[in-house]
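Here is the structure we will look at.
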Ligand SMILES: [Zn+2]
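In this note's numbering, the protein residues as written are 1235 to 1444.
Here it is as structure tokens:
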């Protein structure tokens, strides 16, 4: 623990760790007013036992697929703060980033705020969505894959997140950081980005340096 604290201080003081270059990111914020922050705080209390809406020292990056063919409806869905159709909870779901099929990176939420994108991991993870239906929509499209790797690597290096903690949504239950107080949700995950695809993704990510 002390080692972690010292490393954090060193990072804060030196500021030299984030040598990985920031890719072009289009700021496209969804509304995150006081009401949504209050809802996020309540969600955090129910699911994680901690009463705050902020994301501090994230340990995990979760890769997702939107199951849509375009970006705009994803923005609209994340922007409207309504209970989701699956778990019927507030605040509405969101991810910090969405990468379009042309490789354009949109940021919707500052990484200092918690987003609901992965049950059990929202408290400590950054969410990255990719417009598409299958992992091949990322792994098989050079522009998307390049953008995704650059963004993930930049965030990973900046936040000191270990490569093994860059995971697909479908790998959420295996994460050592998975924590869920609501019993009926402890086995809940989604199909997007299974281990077979994430192995290839992490192998490509490993080639990039910080
Ligand atoms: Zn997902």
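Heads up, the beta-carbon is just placed ideally off N, CA and C, and yes, glycines get one too.
Whole alpha helix (DSSP H) elements within the segment 1274 to 1315, 4-residue minimum: 1306 to 1313
For a test of your reading of the model: does the CB of residue 1340 fall under 7 Å from any non-hydrogen atom of ligand 1? Yes or no. no
Considering residue 1409, what are the terminal residues of the alpha helix (DSSP H) in which it resides? No alpha helix (DSSP H) contains residue 1409, which DSSP labels as neither H nor E.
Relative to the alpha-carbon of residue 1353, which residue among 1320, 1256, 1265 has its alpha-carbon at the smallest distance? 1320
Proximity test, residue 1262 beta-carbon vs ligand 1 heavy atom, cut-off 7 Å: no
Would you check whether ligand 1 has a heavy atom nearer than 7 Å to the C-beta of residue 1330? no
Endpoints, the beta strand (DSSP E) within which residue 1363 is located: 1359 to 1364
Rounded to whole angstroms, how far is the Cβ of residue 1254 from the Cβ of residue 1391, which I believe are closer than 8 Å? At roughly 4 Å, the Cβ-Cβ gap stays under 8 Å, so residue 1254 and residue 1391 are in contact.
Please work out which residues of its chain come closer than 7 Å, Cβ to Cβ, to residue 1261, disregarding the five sequence neighbours upstream and downstream, and give them in chain order. 1341
Comparing C-alpha positions only, which one of 1376, 1358, 1336 sits nearest to residue 1330? 1358
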